[in-house]
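Accompanying notes for the structure given below.
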Amino acid sequence: MPPLIESWAKHAALEVQEYVRLVAATITGVFTRPRYRYDIVEQFDLIGVGSLTVVILTGFFTGAALTAQSGLTLDMYGARSVVGRLVSASMIKELGPVLTALMLTGRIGSGIAAELGSMVVTDQINALRALGTDPIRKLVVPRVLAGFLMAPVLTVISDAVGIFGGWMVARFQLQVPSGVYWSSVTEALYMQDVWMGLIKPFVLGFIIVTIACHVGLRTSGGTQGVGKATTVAVVAGSVGVIASDFFVTQLLIQLMY
Numbered sequence: 003m004p005p006l007i008e009s010w011a012k013h014a015a016l017e018v019q020e021y022v023r024l025v026a027a028t029i030t031g032v033f034t035r036p037r038y039r040y041d042i043v044e045q046f047d048l049i050g051v052g053s054l055t056v057v058i059l060t061g062f063f064t065g066a067a068l069t070a071q072s073g074l075t076l077d078m079y080g081a082r083s084v085v086g087r088l089v090s091a092s093m094i095k096e097l098g099p100v101l102t103a104l105m106l107t108g109r110i111g112s113g114i115a116a117e118l119g120s121m122v123v124t125d126q127i128n129a130l131r132a133l134g135t136d137p138i139r140k141l142v143v144p145r146v147l148a149g150f151l152m153a154p155v156l157t158v159i160s161d162a163v164g165i166f167g168g169w170m171v172a173r174f175q176l177q178v179p180s181g182v183y184w185s186s187v188t189e190a191l192y193m194q195d196v197w198m199g200l201i202k203p204f205v206l207g208f209i210i211v212t213i214a215c216h217v218g219l220r221t222s223g224g225t226q227g228v229g230k231a232t233t234v235a236v237v238a239g240s241v242g243v244i245a246s247d248f249f250v251t252q253l254l255i256q257l258m259y
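Using our numbering, you'd call the opening residue of the sequence shown number 3 and step up by one each time.
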């Protein structure tokens, strides 16, 4: 094996090993004491409430654009009246969870990586250890809990706003009656679709925050390293979201359909 490839493979294996160790320590920290309740509530506010604006805007314009585009296609088959069915199924099963997760990756993933990376390069993490505080319990567990629990809430909001945005375009641009649109929305939804749209965000939220925490805690190289860690967190988080979405979708299809 060429030395360059061997070095890359060893580095990749080390990163995976450290990520697994972080996840294991985080899960242990969730179910054992001590718990930092103030930090948990603070992260719920920062990750959940702080992300509302970008999630609402993303959901609204996604639903509106999807309706406008699909309306043109459905017109070819004289099926404009079922546009609500397409919008609701697409938003709830796929677009809502994935786009919300990608927005969270850009807003939350980058922020967590930059914050923890700055603490690493300024030796604040070592100071916590010197004071007898576990950085995983103090810094990682509150962020993981907030990401894991708030991602589904934000996804539901995004889905609802997206379907509402689709109604506005369907009603005022495509001239589809409101009753026809909303009945089409409800007819298209099955409980399996709703469960798929609710289960995915838990997985995606967990992946986003754990990757960001891992990258942040592995930062080195001063302020330049913090910038690099921020970029890596967003790129790795985005790829992780799209890849895990595929595998979770395949698993849920096998289990529920």
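All C-beta atoms in this analysis are idealised placements derived from N, C-alpha and C, irrespective of residue type, glycine included.
- A residue is called buried when at least 16 other Cβ atoms come within 10 angstroms of its Cβ; M121 meets this threshold and is buried.
- Cβ-Cβ distances below 7 Å link V56 to M105, R109 in the same chain, with the five nearest sequence neighbours on each side left out; the list follows chain order.
- In the three-state reduction of the DSSP assignment, T34 falls in the coil class, being assigned neither a helical nor a strand state.
- Beyond the five residues adjoining it in sequence on each side, V228 comes within less than 7 Å, by CB distance, of A116, G119, S120, V123, T221 in the same chain, given in chain order.
- Contact between the segment 233-247 and the segment 182-190 is not established, with fewer than three Cβ pairs separated by less than 8 Å.
- In the assembly as shown, W10 is an exposed residue. Its beta-carbon has fewer than 16 other beta-carbons within 10 Å.
- Annotation for L141: no alpha helix (DSSP H) segment contains it, and DSSP assigns it neither H nor E.
- Residues of the same chain with a CB within less than 6 Å of the CB of D41, apart from the 5 flanking positions on each side, are P144 in chain order.
- Bounds of any alpha helix (DSSP H) do not take in S53, whose DSSP letter is neither H nor E.
- In this chain, the alpha helix (DSSP H) harbouring M198 covers 193-219.
- For S92, the secondary structure class from DSSP, reduced to helix, strand or coil, is helix.
- Three or more Cβ pairs drawn from the segment 147-164 and the segment 197-204 lie within less than 8 Å of each other, which places the two stretches in contact.
- G113 sits in a helix when the DSSP states are folded into three classes.
- I29 and G111 have their alpha carbons spaced roughly 19 Å apart.
- I49 and A148 have their C-alpha atoms some 7 Å from each other.
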